[in-house]
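All letters in the sequence shown, in the order written, are residues 1 to 356 by full-length UniProt numbering.
For each residue, glycine too, the CB sits at the ideal point set by N, CA and C.
Encoded as C-alpha cells, the structure appears first; notes follow it.
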Amino acid sequence: MTETPQNSSTVPSKILHVYTPFSARRRTPGTAPYSQRQKNRKLTAPSNESFESVEIFDYSGLLKKTWRLYSLSPLYNFKVNAQSFKKYARSLDASLTEDKCSFASSNGGSERSSFTVYKGLKFNADDPEAVQIQVTEKRNGGGSTIVLNALMFCVDIGDHPVPAAHKAHFTYYPVIMITGNKLRSNVVLNWLERHFDCHTSPLTFSNNDLRWILACCSTRDAGHKAAPVLLQYSLQNVCEGIKTIDCRFESTFCRELWQRIQNTSLSSLTTLKEDDVETFVGALESHLEYTMHIVFSKLTLSEVGTPIAYVSSQGKIKLFQSEDIYLPLHLVSSIANDKLTQFSLTQTKPVLNTSG
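Below you can see the structure in the form of C-alpha cells.
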C-alpha cells in the first residue's frame, strides 16, 4: 500500500517483503487470520480401503525408542522408487564418508545407507509413502549394526501447502524423525537440504501444541495397566532451584473426564475442537490448583505423557502402542504443517513502491 507523503521532501516509501515458493496461498478475504481460526484435530484414521489394501502392519520398529523430530519443507524432485533409492544411497554414502566429523568406530567399520518405503503410514490418498533411511555400520570382523534410523512421513494432514500446479515436482513430508548419533543426523539433514532444495529445522512444541497432544492422546483406551498421564511444567526463570513440576493422573480418570465433557461415547468421537481441548486441560489444571495451590494455568508445559505417546517441548517423541500409531504421528504432522503454513501465509510477493 502506498503511503501518502507528509511533505514534498519526504523520502519515497519502499516496501520489500520476502516470500517462499509456496506463498501463492493467500488468506481468503473475510476469513479470520491463521492464529485466530478455530482448529479441529482428527482422532481416528480415515478408511483406507479405497487406496491401500487392508492389512495388519508391524510398527514394532517405531515403538519404545526416543526419536528426535525435525520439520521439513517440501522436497524438490524427490522420487519414491527403487532406482532413485539406490542413487540416493550412493550419494548419502559419499557424504558420510567425506564428512569431517569422525564417527567411525575404532574397529574401522564402514557405513552404508539404504532407502526403503515404510508401509502402513499412508492413511490418506494424498499422503506420500513414508520413507525410511537407515545407516548401517559393517564391522571388519563380520556382522553389522544399525547406527541411524530415520523416517520421513506425512500422516493425513489434509491441507497441503504445495499448490496443485507444483505437486508433480515436490514431495512433502512435514516431519522426519531420527534416532541415532547427532553428527550422523546432521549429515543426513544437510544432505537432504543440498540435494532436494529443502529446509530442515528442529521441530519444537509450544505450550499450546502440547495441550493439543495431551488432550487428543488422553482420549484413547490403552487398557487397565495403562501408563498414567503425565504433565510436566517448566519452572525455568520462575523458581530458583526447582526446574520442573511433575503431575500425574490415572488414564482412566482422564477418560472419565472426557466422557463428562463430551457427554458421548469416546469410541464414536472422531475429531476434537479447540474449545474441547481448553475445557479438558483447564479442568485438569483447576484440579491441580485446588490440590496443590499452584496456578498451573500460568505455567508452561514442557513434557506430556499419555498411554500411547510421550512428547517433550524440545522435539522428542516416544511411541508405545501399535494400534494407536496414527494419532501421535498425525498430530506431529499437522503441527509441523501448521507451522509451515503459518509462515507461508505471512509472506507476500516482493513489492517495491517508489511513489511519493
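- According to DSSP, G305 shares a beta bridge with L230 and Y310.
- For L43, the CB contacts under 7 angstroms within the same chain, skipping 5 residues up- and downstream, are C216, T219, L269, T270, T271, L272 and L327 in chain order.
- Between R248 and V229, the C-beta gap is smaller than 8 angstroms, which places the two residues in contact.
- A Cβ-Cβ distance of about 7 angstroms is found for the pair F196 and N77, placing them in contact under the 8 angstroms criterion.
- When C-alpha distances from A164 are compared across P174, D126 and H199, the shortest belongs to D126.
- Distance check between S91 and each of V135, L121, Y70 and L69 places V135 closest, using alpha-carbon atoms only.
- CA-to-CA, the gap between V131 and N149 works out to about 11 angstroms.
- Going by DSSP, V187 is part of the alpha helix (DSSP H) stretching over K182 to F196.
- Between F153 and I133 the beta-carbon gap is near 12 angstroms, outside 8 angstroms, which marks them as no contact.
- T204 sits close to Q314, with the two beta carbons spaced by under 8 angstroms.
- Secondary structure of N124 (DSSP, three-state): coil.
- For I335, the closest alpha carbon among the candidates L319, V311 and T252 is that of V311.
- In the displayed model, I335 falls within a helix according to three-state DSSP.
- Judged by DSSP secondary structure, K86 falls within the alpha helix (DSSP H) whose first and last residues are A82 to E98.
- Here the alpha carbon of I157 sits roughly 23 angstroms from the alpha carbon of S60.
- Between I325 and L69 the beta-carbon gap is near 15 angstroms, outside 8 angstroms, which marks them as no contact.
- With the rule of 3 Cβ pairs closer than 8 angstroms, the segment 198-213 does not count as touching the segment 284-292.
- Excluding residues up to 5 positions away in sequence, S218 and V229 lie with their Cβ nearer than 7 angstroms to the Cβ of C254 in the same chain.
- About 7 angstroms separates the CB atoms of L231 and L214; that is less than 8 angstroms, so the two are in contact.
- The segment 221-288 is shown to contain whole beta strand (DSSP E) runs of 3 or more residues at 229-234, 244-249 and 271-273, in chain order.
- The distance from the Cβ of L96 to that of S113 is about 7 angstroms, consistent with a contact at the 8 angstroms cut-off.
- Sequence-distant Cβ neighbours of V155 in its own chain, meaning closer than 7 angstroms and more than five residues away, are L121, F123, D127, Y326, L329, H330 and S333.
- The straight-line gap separating the alpha-carbon atoms of Q342 and P161 is approximately 10 angstroms.
- Buried is the label assigned to G305, since at least 16 other Cβ atoms lie within 10 Å of its Cβ.
- Secondary structure at A168: coil, using DSSP grouped into helix, strand and coil.
- For I157, no alpha helix (DSSP H) segment is defined, and its DSSP state is neither H nor E.
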